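K.L.:
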Amino acid sequence: MLEVLDVEKHYDHPSGKIQVLKGIRLTILDGEVVAIVGPSGAGKSTLLHIMGGLDRPASGQIQFADEDLYRLNENKRAQIRNRKFGFIFQFYHLLPEFTALENVILPALLDKNVGSMDSVKAKAILVLDRVGLKHRYEHKPHELSGGEQQRVAIARALINEPKVIFCDEPTGNLDSESGKGVIDLLMEINQKNKQTLVIVTHDEQIAKRSHRIIKMRDGKLV
Ligand SMILES: Nc1ncnc2c1ncn2[C@@H]1O[C@H](COP(=O)(O)OP(=O)(O)O)[C@@H](O)[C@H]1O
Ligand SMILES: [Mg+2]
């Protein structure tokens, strides 16, 4: 599904060059749930962003299906990100001025081949139902709990039926009960739809329930 080939990444900082990823090789299979763990600063988020087509590596490749992600032009890569990938972040990254429903609709509207507004809306409602937010469509993010906001973000990630969902500390800002709800939901999504999950996490519960745990330290896999 996804192949990381000798990926390196550094930042040029006034204090000197920071080597963040030091040659990462990794294969992720279709339908897998992979947890990426390791200390803060190990490069986990950087690797996740690179795998998701959000941040270009200094060298190396990301192969998704038969495409070399960073050899595609920006438009084509954006299209893959929108149609094939979903993203879930620690702090949800919902648009504050929009309702839950509008936040979920947005990625579908970005696609030129989208159907009618009515069909997009109907689909968004189905997805919001699926994540347990039947009565919260018209709520704005600040009118929702952390757990509910993360469910909206999950619904937004699901609307275009992605092949891979990239999650960066998805339970990192939640109490243990809402966190468990989010993990249950992610696992159910994987089991029912066979969508691949790549989850950066400190959460033992996620690590335990994933198919494979990948440990990172100091820019390398260990
Ligand atoms: N934009 C940036 N400029 C300079 N250094 C950065 C930048 N982004 C991240 N870093 C550094 O890269 C390292 C890895 O960061 P990150 O991938 O966020 O680690 P993790 O997610 O494992 O905590 C850290 O030491 C961080 O300070
Ligand atoms: Mg991080």
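Residues 1115 to 1336 (the working numbering) make up the sequence shown, in order.
Backbone N, C-alpha and C fix where the C-beta goes; we use that ideal spot for every residue, glycine too.
None of these values were measured; they are calculated from a predicted model.
Excluding the five sequence neighbours on either side, which residues of its own chain have a C-beta within less than 7 Å of the C-beta of Ala-1321, listed in chain order?
P.N.:
Mapped onto the sequence shown, residue 1321 falls at position 207. Contacts found: Ala-1149, Val-1151, Thr-1315 and Ile-1327.
K.L.:
With distances taken Cα to Cα, identify the nearest neighbour of Lys-1334 among Glu-1117, Lys-1123 and His-1163.
P.N.:
Taking the first residue of the sequence shown as position 1, residue 1334 is located at position 220. Nearest option by C-alpha distance: Lys-1123.
K.L.:
Which runs of the beta strand (DSSP E) spanning at least 3 residues fall entirely within the region 1261-1330, listed in chain order?
P.N.:
Listed in chain order, they are 1278-1282 and 1310-1314.
K.L.:
Does the separation of the CB atoms of Gln-1133 and Leu-1208 fall below 7 Å?
P.N.:
Within the sequence shown, the letter at position 19 stands for residue 1133. Within the sequence shown, the letter at position 94 stands for residue 1208. Not a contact, by the Cβ cut-off of 7 Å.
K.L.:
Cutting at 7 Å between CB atoms, please list the residues of its own chain near Leu-1240, excluding the five before and the five after it.
P.N.:
Start at 1 with the first residue of the sequence shown, and residue 1240 comes out as number 126. Around Leu-1240: no qualifying Cβ.
K.L.:
Got a sec: does ligand 1 put a non-hydrogen atom nearer than 6 Å to the Cβ of Ser-1324?
P.N.:
For the purposes of this step, residue 1324 is taken as the residue at position 210 of the sequence shown. No - ligand 1 has no heavy atom lying nearer than 6 Å to the Cβ of Ser-1324.
K.L.:
Measuring CA to CA, which of Ser-1159, Gly-1155, Asp-1126 and Gly-1200 is closest to Lys-1277?
P.N.:
In the sequence shown, counting from the first residue as 1, residue 1277 sits at position 163. If we check each option's Cα against that of Lys-1277, Gly-1200 comes out closest.
K.L.:
In the DSSP assignment, what residue or residues form a beta bridge with Lys-1136?
P.N.:
Position 22 of the sequence shown holds residue 1136. In the DSSP output, where bridge partners are listed per residue, Lys-1136 has Glu-1122.
K.L.:
Give a yes or no on whether the C-beta atoms belonging to Met-1330 and Gly-1137 are separated by under 7 Å.
P.N.:
Walking along the sequence shown from the start, residue 1330 turns up at place 216. Walking along the sequence shown from the start, residue 1137 turns up at place 23. No.
K.L.:
Entirely within the region 1137-1178 and at least 3 residues each: give me those beta strand (DSSP E) ranges in chain order.
P.N.:
Within the region 1137-1178, the complete beta strand (DSSP E) runs of at least 3 residues are 1147-1151 and 1173-1178.
K.L.:
Along the chain, where does the beta strand (DSSP E) containing Phe-1212 start, and where does it finish?
P.N.:
Translated into positions along the sequence shown, residue 1212 becomes position 98. Segment: none, Phe-1212 is in no beta strand (DSSP E) and carries neither H nor E.
K.L.:
Are the beta-carbon atoms of Ala-1238 and Ile-1219 separated by less than 7 Å?
P.N.:
Here residue 1238 refers to the residue found at position 124 of the sequence shown. Here residue 1219 refers to the residue found at position 105 of the sequence shown. Contact: yes.
K.L.:
If you reduce the DSSP assignment to three classes, tell me which class Lys-1237 lands in.
P.N.:
Here the question's residue 1237 lines up with position 123 in the sequence shown. Looking at Lys-1237 - three-state DSSP - the assignment turns out to be helix.
K.L.:
Counting only the same chain and skipping the five closest in sequence on each side, list residues whose C-beta sits under 8 Å from that of Asn-1196.
P.N.:
The count along the sequence shown starts at 1 and reaches residue 1196 at position 82. Contacts found: Pro-1221, Leu-1224, Asp-1225 and Asn-1274.
K.L.:
For Glu-1257, which of Leu-1299, Ser-1290 and Phe-1212 has the nearest alpha-carbon?
P.N.:
Locating residue 1257 in the sequence shown gives position 143, where the first residue counts as 1. Taking only the C-alpha atoms, the option nearest Glu-1257 is Phe-1212.
K.L.:
Excluding sequence positions up to five away, which residues of its chain have a Cβ less than 7 Å from the Cβ of Leu-1288?
P.N.:
Residue mapping note: residue 1288 aligns to position 174 of the sequence shown, counting from 1. The residues are Gly-1260, Gly-1261, Gln-1264 and Val-1296.
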